[in-house]
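Asks: Please see the structure below; I have some questions.
What follows is the structure in structure tokens.
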């Protein structure tokens, strides 16, 4: 029997309670998926959190030596110095090929350990400038919910940690598993928008979820070729205004967003049905199997057949 995928949550002084709770919920064995999750600190015992709470962690840094994924929750204040032995433990884990992810201000621990050098990364919007100034070798993206750089992942503010953890589940076990865990947590498996909608603005104009209804309308028509003009008309905006608002809310253009939605829907169909690749391409609006294969390879670095074999055991 294959052993579970081991996840260790590294709880540092000043840890934010929600940041710690999210991965322990997503990767809990009670979800029925092959994960086990534990916590550790610099040493075992009680770790003081922000807000006056305390965490009774199960071990010290030696727990990081035998794990598959490490998650570093945010801690306050943002960018506070972390012990040198934490940096060394994270560096050693990365050298072994361990996947390492951060939530919110936890990105500073990865950055101080040198793990983000030359990579893209994100953190809570209110600390993004500080991260960029302190570590100019990192490409900080302040307007996204999370950044996946393969073995190193970072997420924005606390709730974005949930988006990141569900993304990790989808990477490991497929879309259906991510959706099932999301249902158990009563949350959307994919959250629309990015951090930009939460930034303080001088203008009081309503943004954020202004185009949520139009996105839902588009999702219901993935099998059709929907134009920018039609999307703008549904939103009751000019095409120019629509494009600007859509990019502000989602961090991508409408066509990029729809393409990703089509590929994700194709992933679900590959997992849950025996439809051919050509038929799935038609169902999701990508036309031909070759077109689906092209976008699958570009976005996921795998073919549809390989994806199906991985997540269903069928080719």
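In UniProt numbering, the protein residues as written are 1 to 315.
From the three backbone atoms N, C-alpha and C, an ideal C-beta is built for every residue, glycine too.
#1: Would you check if there are 3 or more beta carbon pairs closer than 8 Å linking the stretch 17-24 to the stretch 61-74?
#2: Thinking just about the alpha-carbon of each residue, which of 149, 153, 67 and 84 is nearest to the one in residue 107?
#3: Whose CA, out of 103, 77, 69 and 79, lies closest to the CA of residue 97?
#4: Taking residue 216 as the reference, which of 238, 241, 240 and 188 has the closest Cα?
#5: Leaving out the 5 sequence neighbours to the left and right, which residues in its chain are closer than 7 Å to residue 166 when beta-carbon positions are compared?
#6: When you compare only the Cα positions, how much space is there between residue 240 and residue 228?
#7: Verify whether the separation of the beta carbon atoms of residue 128 and residue 79 is less than 8 Å.
#8: Just to confirm the assignment, what range does the alpha helix (DSSP H) spanning residue 75 have?
#9: Fully enclosed by the stretch 112-183, which alpha helix (DSSP H) runs are 4 residues long or longer?
#10: If we ignore side chains and look at the alpha-carbon of each, how far apart do residue 200 and residue 261 end up?
#11: Grab the span of the beta strand (DSSP E) containing residue 36 for me, first residue to last.
#12: Taking the CB atoms as reference points, tell me whether residue 303 and residue 297 lie closer together than 8 Å.
#13: Quick check on residue 280: does DSSP put it in helix, strand or coil?
#14: Counting Cβ pairs closer than 8 Å, one from the stretch 126-145 and one from the stretch 99-115, do we hit at least three?
#15: Starting from the C-beta of residue 235, find all residues in its chain whose C-beta is less than 6 Å away, skip the five residues before and the five after it, and write them out in chain order.
#16: Among 244, 233 and 223, whose alpha-carbon lies nearest the alpha-carbon of residue 263?
#17: Helix, strand or coil: how does DSSP classify residue 6 here?
#18: Exposed or buried, which one is residue 150 when buried takes at least 16 other CB atoms within 10 Å?
#19: Using the Cα positions of residue 54 and residue 62, report the straight-line distance between them to the nearest angstrom.
#20: For residue 116 versus residue 123, is the C-beta spacing smaller than 8 Å?
#21: What's the gap between the Cα of residue 301 and the Cα of residue 171?
#22: Tell whether a beta-carbon distance below 8 Å holds between residue 10 and residue 40.
#23: Contact check, residue 186 vs residue 267 under 8 Å by CB: the rounded distance?
#24: With 16 as the cutoff for other CB atoms within 10 Å, does residue 265 come out buried or exposed?
#25: Cβ of residue 35 within 8 Å of Cβ of residue 7?
Replies: According to the structure data:
#1: They touch, by the three-pair rule.
#2: Residue 107 sits at position 107 when you count from the first residue of the chain shown. Residue 153 is the option with its Cα nearest to residue 107.
#3: Within the chain shown, numbered from 1, the residue matching residue 97 stands at position 97. Measuring from the Cα of residue 97, the nearest candidate turns out to be 69.
#4: The residue you call residue 216 lines up with position 216 of the chain shown. Shortest Cα-Cα distance from residue 216 to any of 238, 241, 240 and 188 involves 188.
#5: As a position in the chain shown, residue 166 is number 166, starting the count at 1. If we look at residue 166 and ignore the five residues flanking it on each side, its Cβ neighbours are 26, 178, 181, 182 and 189.
#6: Numbered from 1 along the chain shown, position 240 holds the residue referred to as residue 240. Numbered from 1 along the chain shown, position 228 holds the residue referred to as residue 228. In this structure, the CA atom of residue 240 is about 9 Å from the CA atom of residue 228.
#7: Indexing the chain shown from 1 puts residue 128 at position 128. Indexing the chain shown from 1 puts residue 79 at position 79. With a cutoff of 8 Å on beta-carbon distance, residue 128 and residue 79 are scored as not near each other.
#8: Within the chain shown, numbered from 1, the residue matching residue 75 stands at position 75. Per DSSP, residue 75 belongs to no alpha helix (DSSP H) and is neither H nor E.
#9: Taking only runs of at least 4 residues, the alpha helix (DSSP H) segments lying wholly in the stretch 112-183 are 128-134 and 158-173.
#10: Walking along the chain shown from the start, residue 200 turns up at place 200. Walking along the chain shown from the start, residue 261 turns up at place 261. Here residue 200 scores only 45 on pLDDT, less than 50, and its place in the model should not be relied on; the value that follows carries that caveat. When rounded, the distance between both Cα atoms is 29 Å.
#11: Position 36 of the chain shown, counted from the start, is the residue given in the question as residue 36. Looking at the DSSP string, the run of the beta strand (DSSP E) that includes residue 36 is 35-40.
#12: Walking along the chain shown from the start, residue 303 turns up at place 303. Walking along the chain shown from the start, residue 297 turns up at place 297. By the CB criterion at 8 Å, residue 303 and residue 297 fall inside the cutoff.
#13: As a working note, residue 280 is residue 280 in the chain shown. Under the three-state reduction of DSSP, residue 280 is assigned to helix.
#14: Yes, since at least three Cβ pairs between the stretch 126-145 and the stretch 99-115 fall closer than 8 Å, the two stretches touch.
#15: Mapped onto the chain shown, residue 235 falls at position 235. Within the same chain, residue 235 has close Cβ partners 211, 214 and 242.
#16: The sequence position of residue 263 within the chain shown is 263, counting from 1. Each of 244, 233 and 223 was checked against the Cα of residue 263, and the nearest Cα belongs to 223.
#17: Start at 1 with the first residue of the chain shown, and residue 6 comes out as number 6. Three-state DSSP puts residue 6 in a strand.
#18: Against the chain shown, residue 150 aligns to sequence position 150. Classification of residue 150: exposed, given that the 10 Å Cβ count is below 16.
#19: For the purposes of this step, residue 54 is identified with residue 54 of the chain shown, where counting begins at 1. For the purposes of this step, residue 62 is identified with residue 62 of the chain shown, where counting begins at 1. The C-alpha of residue 54 lies about 21 Å from the C-alpha of residue 62.
#20: Against the chain shown, residue 116 aligns to sequence position 116. Against the chain shown, residue 123 aligns to sequence position 123. By the CB criterion at 8 Å, residue 116 and residue 123 fall outside the cutoff.
#21: Residue mapping note: residue 301 aligns to position 301 of the chain shown, counting from 1. Residue mapping note: residue 171 aligns to position 171 of the chain shown, counting from 1. Rounded to the nearest whole angstrom, the CA to CA distance from residue 301 to residue 171 is 12 Å.
#22: On the chain shown, residue 10 is found 10 positions in, with the first residue counted as 1. On the chain shown, residue 40 is found 40 positions in, with the first residue counted as 1. The Cβ-Cβ distance between residue 10 and residue 40 falls below 8 Å.
#23: Sequence index remark: in the chain shown, residue 186 carries index 186 (1-based). Sequence index remark: in the chain shown, residue 267 carries index 267 (1-based). Actually they are not in contact, since the Cβ atoms of residue 186 and residue 267 sit about 22 Å apart, beyond 8 Å.
#24: In the chain shown, the residue the question calls residue 265 occupies position 265. By the 10 Å Cβ count, residue 265 comes out buried.
#25: Residue numbering aside, residue 35 sits at position 35 when the chain shown is read from its first letter. Residue numbering aside, residue 7 sits at position 7 when the chain shown is read from its first letter. The answer is yes: Cβ separation under 8 Å.
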